[in-house]
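S.K.: In terms of my numbering, the sequence shown opens at residue 1 and continues consecutively.
Glycine residues also receive a C-beta, built at the ideal position from the N, C-alpha and C atoms.
Just so you know, these numbers come straight off a predicted model, no measurement behind them.
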Amino acid sequence: MTETARQPAAAIPQRLVVLISGRGSNLGALIEACEQGRLPATIVGVISNRPDAGGLEFATRHGIPSQVLDHRTYPSREAFDTDLARVIEDYAPDLVILAGFMRILTPAFVDRFTGRLLNIHPSLLPKYRGLHTHARALANGERVHGASVHFVTPELDGGPVIMQARVPVAPDDTPDTLAARVQRAEHHLYPEVVRRLCSGEIQWAGRILQADGTPLPAPLQLDEDFDDLPAS
């Protein structure tokens, strides 16, 4: 008797919670990737620390539950992070994605979500941690700039970098034009990293970043040509 071949089980979409503070353009890119089937995941919740965050409209328009926790109503950073963690856990996420979430998180919060907390930063880390990355890159005469996606650790912008997108700096760039070009690259980079994490291609095992079970000696590079990427 010939045994009937078993079909592989369908992958279970990963549950994502996205944290925003502003326009939510990276949230929009992630929503689009999920809806187009490019990302084996479902965004189950969007949380903002600002009630006027434009990105909340993305969630409403696409039927994604959203909540606002206004950090200004909390007596301390610790109190806010405790409440934020509770709200996040209610969604039972596989990954927590910071997408323009303009808050420095406490070590206790970061430790609670270690290994499933991601951030995107507008520079080629470890260069230009912190703010004003585009102006600093221009001031230093950089010819290549870009963005990095990394796991979050208590060190500001210091977690293991998973993948980067490199963007050329034009001779006539200003901080605004360079920022716009980098942001367009981010919209390709973030969904690709999340896709690889959801599919199991990338793991952070024992605090060692791996791709297909092999330790990564350096960040992966997004294999796309951004030389002609428009600035708007």
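Tell me ILE202's beta-bridge partners as DSSP assigns them.
M.R.: Answer is ALA211.
S.K.: Going by DSSP, what residues sit across from ALA165 in a beta bridge?
M.R.: DSSP output for ALA165 lists ALA147 as bridge partner(s).
S.K.: Under 8 Å Cβ to Cβ from GLY54, same chain only, skipping five residues before and after it: list those, please.
M.R.: The residues are GLY22, ARG23, GLY24.
S.K.: Cutting at 6 Å between CB atoms, please list the residues of its own chain near THR4, excluding the five before and the five after it.
M.R.: The pLDDT assigned to THR4 is 37, lower than 50, so where the model puts this residue is not dependable; a value taken from the coordinates is nonetheless given after this. Counting only Cβ-Cβ distances below 6 Å, and skipping sequence neighbours, we find nothing.
S.K.: Would GLN67 pass as a contact of VAL96 if the rule is Cβ separation under 8 Å?
M.R.: Cβ distance not < 8 Å, so GLN67 and VAL96 don't count as in contact.
S.K.: Going by DSSP, name the residue or residues bridged to HIS121.
M.R.: BP columns for HIS121 point to SER148.
S.K.: If contacts are defined as beta-carbon pairs under 8 Å, then HIS188 and ALA218 qualify, I think. What distance do you get, rounded to the angstrom?
M.R.: Contact flag wrong, Cβ pair sits at about 20 Å.
S.K.: Give the secondary structure of ILE20 by DSSP, where H, G and I count as helix, E and B as strand, and everything else as coil.
M.R.: Reduced to three states, the DSSP call for ILE20 is strand.
S.K.: Would you list, in sequence order, the uninterrupted alpha helix (DSSP H) runs of no fewer than 4 residues that lie entirely inside the stretch 73 to 102?
M.R.: For the stretch 73 to 102, whole alpha helix (DSSP H) runs of length 4 or above, ordered along the chain, are 77 to 90.
S.K.: Anyone know if the C-beta pair for GLY190 and VAL161 falls short of 8 Å?
M.R.: Sequence check: residue 190 is Tyr here, not Gly. It is not a contact, given that the beta carbons lie outside the stated cut-off.
S.K.: Which class does GLN67 belong to by DSSP, given the choice of helix, strand or coil?
M.R.: If DSSP states are grouped into helix, strand and coil, GLN67 belongs with the strands.
S.K.: Return yes when the Cβ of VAL167 is within less than 8 Å of the Cβ of VAL182, no when it is not.
M.R.: Yes, Cβ-Cβ distance for VAL182 and VAL167 is below 8 Å.
S.K.: Output the distance between the C-alpha atoms of PRO230 and THR174, rounded to the nearest integer angstrom.
M.R.: Bear in mind that a pLDDT of 45 at PRO230, under 50, signals an unreliable position, so the model cannot answer this.
S.K.: DSSP beta-bridge partners for LEU220?
M.R.: DSSP lists MET163 as partners of LEU220.
S.K.: If you pair each beta-carbon of the stretch 140 to 155 with each one of the stretch 117 to 132, do three or more pairs fall below 8 Å?
M.R.: At 8 Å Cβ cutoff, the stretches touch.
S.K.: Can you have a look at PRO8 and say buried or exposed, based on whether 16 or more other CB atoms are within 10 angstroms of its CB?
M.R.: Interpretation of PRO8 is limited by its pLDDT of 36, a score under 50 that renders its predicted location unreliable; the figure taken from the coordinates is listed afterwards. So PRO8 ends up on the exposed side.
S.K.: Between which residues of its own chain and VAL17 is the CB-CB distance below 8 Å, once the five residues before and five after are set aside?
M.R.: Correct list, in chain order: ILE43, VAL44, GLY45, VAL46, ILE47, ILE88, TYR91, PRO93, LEU95, VAL96, ILE97.
S.K.: May I ask which residues mark the beginning and end of the beta strand (DSSP E) holding GLY28?
M.R.: Premise fails: GLY28 lies in the alpha helix (DSSP H), 25 to 35, not in any beta strand (DSSP E).
S.K.: I think LEU39 touches LEU30, with their Cβ atoms under 8 Å apart; what is that distance to the nearest whole Å?
M.R.: Contact holds; Cβ gap of about 7 Å.
S.K.: Under the three-state reduction of DSSP, which class applies to ALA59: helix, strand or coil?
M.R.: If DSSP states are grouped into helix, strand and coil, ALA59 belongs with the helices.
S.K.: Just verifying my parser: in three-state terms, what is the DSSP assignment at ARG136?
M.R.: Correct three-state label for ARG136: helix.
S.K.: Who are the near neighbours of THR153 in its chain, counting only those whose CB is closer than 7 Å to its CB and skipping five residues on each side?
M.R.: VAL110, GLY159.
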